[in-house]
Amino acid sequence: MNPRPFTRRGVLAGIAATPVAALTACNGVQGGADAAAADFPTRAVDFWVPFDPGGSGDLVSRALAKAAEEPLGESLPVTNKPGANGAVGLKELLAGDADGYTISLAVKSLFAITPLAVEDPDAVVIEDFRIITTLTNEAYVLVVHADSAYRTLDDLLAASAVNYATTGVGTGSQLSAQLLFVGAGVDATDVPFDGGASAVTALLGQEVDAVSASLAETMPQIEAGELRAIAVFSEERSPFLNDVPTAMEAGYDVVVDQRRFVVAPAAVDDEVAGVLSLAFEDAKESPEYGQFLQDNYMDRWEVDNLEAKAHLSEAAEQYAALAEDAGLQLGDGS
Amino acid sequence: MSGAVMAEPASEAPQEETFEEARPGGRVQAVVAGALPVAIGAFAAWLAFGLRIGSLTDPGPGLWPLIVAGLLVACGVGITVVAATAKAHAPNGTEAFTRGTTAVLCAAGALAVYASLFEVVGFEAPTLLLLFAWLRFLGRESWPSSAVIAVVATAAAYALFILGLGVPLPHLIAL
Amino acid sequence: MDFSSVLSGFAVAFEPQNLLFCLIGVTVGMLIGVLPGLGPAATIAILLPITYSLEPTAAVIMLAGIFYGAQYGGTITSVLLRMPGEASTVVTALDGHALARRGEAGPALGVAAIASFIGGTASILLLTFIAPALAGVALAFGPAEYTVLALIGIFLVGTLGSGSLWKSAAAAALGLLIATVGLDPLLGTPRFTFGTDQLADGIDFTIVAMGLFGVGEILYNLEHRDRPQPRVPAFGRAIPGRMHWLRSRMAILRGSVTGFVLGILPGGGATMSSLVSYAVEKRVAKDPSRFGKGAIEGVAGPESANNAAATSSFIPLLTLGIPANATMAVLFGALMLQGITPGPGLMNDHPDVFWGVVNSMYVGNLLLLALSIPLIGVFVRMLKVRPGVLAPLTVVITMLGVYSIRNNAFDMLLVVGLGLLGYGMRKLGFEPGPFVLAFVLGSLLEASFRRSMRLFGGDVTEFVQRPVSGVLVAVLVLTVVVVPLLRGVRARQSAAAARVTAE
Chain A
1 MNPRPFTRRG VLAGIAATPV AALTACNGVQ GGADAAAADF PTRAVDFWVP FDPGGSGDLV
61 SRALAKAAEE PLGESLPVTN KPGANGAVGL KELLAGDADG YTISLAVKSL FAITPLAVED
121 PDAVVIEDFR IITTLTNEAY VLVVHADSAY RTLDDLLAAS AVNYATTGVG TGSQLSAQLL
181 FVGAGVDATD VPFDGGASAV TALLGQEVDA VSASLAETMP QIEAGELRAI AVFSEERSPF
241 LNDVPTAMEA GYDVVVDQRR FVVAPAAVDD EVAGVLSLAF EDAKESPEYG QFLQDNYMDR
301 WEVDNLEAKA HLSEAAEQYA ALAEDAGLQL GDGS
Chain G
1 MSGAVMAEPA SEAPQEETFE EARPGGRVQA VVAGALPVAI GAFAAWLAFG LRIGSLTDPG
61 PGLWPLIVAG LLVACGVGIT VVAATAKAHA PNGTEAFTRG TTAVLCAAGA LAVYASLFEV
121 VGFEAPTLLL LFAWLRFLGR ESWPSSAVIA VVATAAAYAL FILGLGVPLP HLIAL
Chain S
1 MDFSSVLSGF AVAFEPQNLL FCLIGVTVGM LIGVLPGLGP AATIAILLPI TYSLEPTAAV
61 IMLAGIFYGA QYGGTITSVL LRMPGEASTV VTALDGHALA RRGEAGPALG VAAIASFIGG
121 TASILLLTFI APALAGVALA FGPAEYTVLA LIGIFLVGTL GSGSLWKSAA AAALGLLIAT
181 VGLDPLLGTP RFTFGTDQLA DGIDFTIVAM GLFGVGEILY NLEHRDRPQP RVPAFGRAIP
241 GRMHWLRSRM AILRGSVTGF VLGILPGGGA TMSSLVSYAV EKRVAKDPSR FGKGAIEGVA
301 GPESANNAAA TSSFIPLLTL GIPANATMAV LFGALMLQGI TPGPGLMNDH PDVFWGVVNS
361 MYVGNLLLLA LSIPLIGVFV RMLKVRPGVL APLTVVITML GVYSIRNNAF DMLLVVGLGL
421 LGYGMRKLGF EPGPFVLAFV LGSLLEASFR RSMRLFGGDV TEFVQRPVSG VLVAVLVLTV
481 VVVPLLRGVR ARQSAAAARV TAE
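Chains A, G and S, in that order, give the protein sequences. Reading the first sequence from the start, the letters are residues 1 to 334 in UniProt numbering. Reading the second sequence from the start, the letters are residues 1 to 175 in UniProt numbering. Reading the third sequence from the start, the letters are residues 1 to 503 in UniProt numbering.
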């Protein structure tokens, strides 16, 4: 490391910038509590992704943040804050200032499915947040290996015993498959893997009979003819898999999906939230963002704040009721 | 970070520790080296019993931690037996703690303070202070050179991590 | 195989723009490899926005360069400061640092760079010719195979220690215990999380390695800062001497093959390969007692293995669309953002991307070798910096790197705690190596075993009935039971013979 050429400039610039910085730009460290909401934003808005880089949530955030820079007039640097299906990042968001300079991606499964598997008295609830904008709806799809003897959903459900991989405990992958198999009375064993990639690998190696995973995790293999989709867990057929029936069509009332949206702490100023919402509405119209969704097999979910909150609370109740009726145990139940 | 605490080790007589090889620990320390794994293993096993154990063919969440904790206890017992039956001055792989341990604890404390200040006031001031304190009191650099190195290194870290690589560290100074 | 597309891939790799991005990639990679804690996955994620404006091939060439460049750079801190930044360089730190203390830092790093180059290049050659055929290997490994593989790995960890066997085993057991922190992999039950969801996903490997090796080492040296530092006689040239080379060349050859094969396996392949390579070198050495005290083969073998593994870990990504590790997951994302889907169709749909990226790795490895040799001379000078100055600088860089893993200050506290643990272990005569490697393999072993039990319906005999896991079980039994038994018998016989001749 030979930083000498940098240092002198760095020091001078640092000294020169200090007073200005202390007065105005605090870049995420201190909230500008006195900053008038009227001229928001005066500096970059931090866009947090409470997941690891590389996954669907990370990618959609980056595509959105990039498209929103122009309408917002400030940059939106993306920062990954992974942990506990997003709970770590969102708790940190709530602990910070509600000035709108820090916003985060959030997912439906954290509010609607994780509580079924993991008991956490301090779990984040949707009421703590204000939904700035809603983004995507990603269907879960049940796939089998291309060489599998099970050609259709009925074939699979007629099997005497089924092993299926899930992408983890307390995921939509696990919930959708369990609801289906329990509903159909199949003797099925779930084998949770560590994420979509390893679950799909297990299916490609024919270690398991089936996997329920998101379209983004399975479409490349489906298109290459390595895997066969036999059902989607959405209300209507997916535009990306028009010839695959829904589970509902087959008579099983299982609708499980993942939805993604952007949140700020509930205390955020109305005007600030409005500015952000407008910028994201513009961003979602951009052709690049549209192309991204198309390339990544994501459907749009674009509703207002109230409808989104209503959907999330209903989904949480509905999943809990379904799981209760079917006697499901996502986690250990302890 | 208290300057007085940091300065304390500086008053030691340096000739105390001038030997090349560290002084081996005594038998007591060697036995402690075995007792600690036993204690940690027993504690972990106690926690594991609070989880469902299940069976080998249908393992619950507690089974594997219990096995590992048992392994740890067994190893600890092995170490203790070897240490207790060894000859009085036989080398046992341990090193005696010295007065320098205070410096180690101070350094760890300073790092913990650093980590907790980091997200509150940005990385610049804590980095500068940590570097300066470490250089001056633990590294025994002179006042001026401690100050210069601390400032230069903080600025270099800023240039490298924030300007160069774009790592999202919390920082106060926006360039 | 369609050789015209391989050749046109060279044309792509040699386009001036792509050469430039390859150079940028490997240079950045080497830099972040040298910075402890800052890993390739985080860096690639940070640099993703820059790649939006590039064309896909150039973008991936650059990002791939960061990944394998970081492997070269990581070796430097492992050897000089005993700070392994990746699980796969933990083993290198053992003998590499011992060599550096003996004043052979130059040759150690020189051999490491050459071994890395040979391992990486051999792996690309193999990849070019047999990648499509080998894609299936990754799929032949299910939970059962990973269980046995991880078990073999944990027994190999036992060969690392150079002190008391009980203490090595205790350190490994503690590593296994720390690996259980987090939500249960199959049931989601919190284990040892003490109610905080900061620990829900377990502790990141880098934090464990930085704590036990990096911060632990610095704290340990702090205690004895008044002891006159042993003069490091000379750093030696970066070009290794004849003896180093003679000792290393077979190790490099064996390491390259081991690394290539194990690297194909998603999850733990690179770590296992360096471990297996080290164990093999120690077994075949005439005098195994040199290991841990500065045996050059202990650097050469694992270094060629982990670089070969880094290259072959592209195989599952490019041919199956399966990311083998965290960095590959980010690369997967980078390709998706470019509108390219990595997977079985990639080689046919985008041959220019596939072969352009693969062939750019020849160039990248060459560039890295060319960069390394002169840079070693510069880095070795770090050892001349007074420890009182070097220590705080290293600590700060480590802390910043650790923060960047999850952008989380809690992780910095964890690393300090683990640093104290590392210091305490050192004082009580426990080695960090077995701890850290057992930590990596522990979660693999437990999760794979429990998945296997679910798949087999609780029937343990399936482990020997499946062909691949059956073979692995045989290997395990041979190396762990039969060979030590035979050795014991032979040792007793020769001791008896010695007694006879003495009489």
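From the three backbone atoms N, C-alpha and C, an ideal C-beta is built for every residue, glycine too.
- Three or more beta-carbon pairs separated by less than 8 Å link the stretch 400-411 of chain S to the stretch 75-85 of chain A, which places the two stretches in contact.
- The three-state reading of DSSP puts Phe192(S) in coil, since its state is none of H, G, I, E or B.
- Gln258(A) carries a strand assignment under DSSP once its states are collapsed to helix, strand and coil.
- Against chain S, the CB of Leu175(G) has no partner CB under 8 Å away; the residue lies outside that interface.
- The three-state reading of DSSP puts Thr133(A) in strand, counting E and B together.
- C-alpha of Thr258(S) to C-alpha of Asn307(S): approximately 11 Å in a straight line.
- Along the stretch 249-271 of chain A, none of the residues has a CB nearer than 7 Å to a CB of chain G.
- Secondary structure remark: continuous alpha helix (DSSP H) runs of at least 4 residues inside the stretch 181-266 of chain A, in chain order: 196-204, 215-223.
- Judged by beta-carbon spacing, Ser452(S) lies within the 8 Å limit of Thr147(S), meaning their Cβ atoms are closer than that value.
- According to the DSSP assignment, Asn163(A) belongs to the beta strand (DSSP E) that extends over 161-166.
- By the neighbour-count definition (other C-beta atoms within 10 Å, threshold 16), Leu142(A) is a buried residue.
- Not a single unbroken stretch of the beta strand (DSSP E) spanning 3 or more residues falls wholly within the stretch 450-501 of chain S.
- If one requires a minimum length of 4 residues, the alpha helix (DSSP H) runs lying completely within the stretch 124-196 of chain S are 143-157, 165-179, in chain order.
- Collapsing the DSSP output to three states places Trp46(G) in a helix.
- Setting aside the 5 residues that flank it on each side, Ala250(A) is surrounded in the same chain by Leu153, each with a C-beta closer than 6 Å to its C-beta; the list follows chain order.
- Distance from Phe118(G) to Pro170(G) at the Cβ level is roughly 7 Å; contact confirmed, criterion being Cβ atoms closer than 8 Å.
- Taking a Cβ-Cβ threshold of 8 Å, the residues of chain G close to Thr79(A) are Pro168, in chain order.
- The beta carbon of Met328(S) lies closer than 7 Å to those of Ser313, Leu317 in the same chain, with the five residues before and after it left out.
- Residues Leu131 of the same chain have their beta carbon placed closer than 7 Å to that of Ala153(G), with the five preceding and five following residues left out of the count.
- Bounds of the alpha helix (DSSP H) holding Ser312(S) are 297-312.
- Residues of the stretch 169-191 of chain S that bring their beta carbon within less than 7 Å of a beta carbon in chain G comprise Ala169, Ala170, Ala173, Leu174, Leu176, Leu177, Thr180, Asp184, Leu187, Thr189, Arg191, in sequence order.
- Ser116(S) has no beta-bridge partner at all, per DSSP.
- Chain A places a beta carbon closer than 8 Å to that of Phe332(S), counting this residue as a contact.
- Put simply, the stretch 424-437 of chain S does not touch the stretch 135-152 of chain S. Fewer than three CB pairs are less than 8 Å apart.
- Interface residue (Cβ-Cβ distance to chain S less than 8 Å): Val82(G) is classified as such.
- In its chain, beyond the 5 residues on either side, Ala179, Thr180, Pro185, Gly202 have a beta carbon closer than 8 Å to the beta carbon of Ser443(S).
- Residues of chain S with a Cβ closer than 9 Å to the Cβ of Leu172(G) do not exist; the shortest Cβ-Cβ separation is about 15 Å.
- Residues of chain A whose Cβ lies closer than 9 Å to the Cβ of Met347(S) do not exist, since the nearest Cβ in that chain is about 11 Å away.
- Around the C-beta of Ser160(A), fewer than 16 other C-beta atoms lie within 10 Å, and the residue is accordingly described as exposed.
- Nearest in C-alpha terms to Val440(S), of all of Gly33(S), Asn325(S), Leu54(S), is Asn325(S).
- Residue contact check for Pro144(G) against chain S: no CB pair falls below 8 Å.
- When the beta-carbon positions are compared, Ala139(A) and Asp39(A) stay at least 8 Å from each other.
- At a cut-off of 8 Å, the C-beta of Asn305(A) has no neighbouring C-beta in chain S.
- Segment contact: the stretch 260-267 of chain S against the stretch 64-82 of chain S, fewer than three CB-CB distances shorter than 8 Å; contact not assigned.
- Contact with chain S is absent for Arg43(A), since none of that chain's Cβ atoms lies less than 8 Å from the residue's Cβ.
- Cβ neighbours of Lys282(S) within its own chain (closer than 7 Å, five residues either side excluded): Thr159, Pro288, Phe291.
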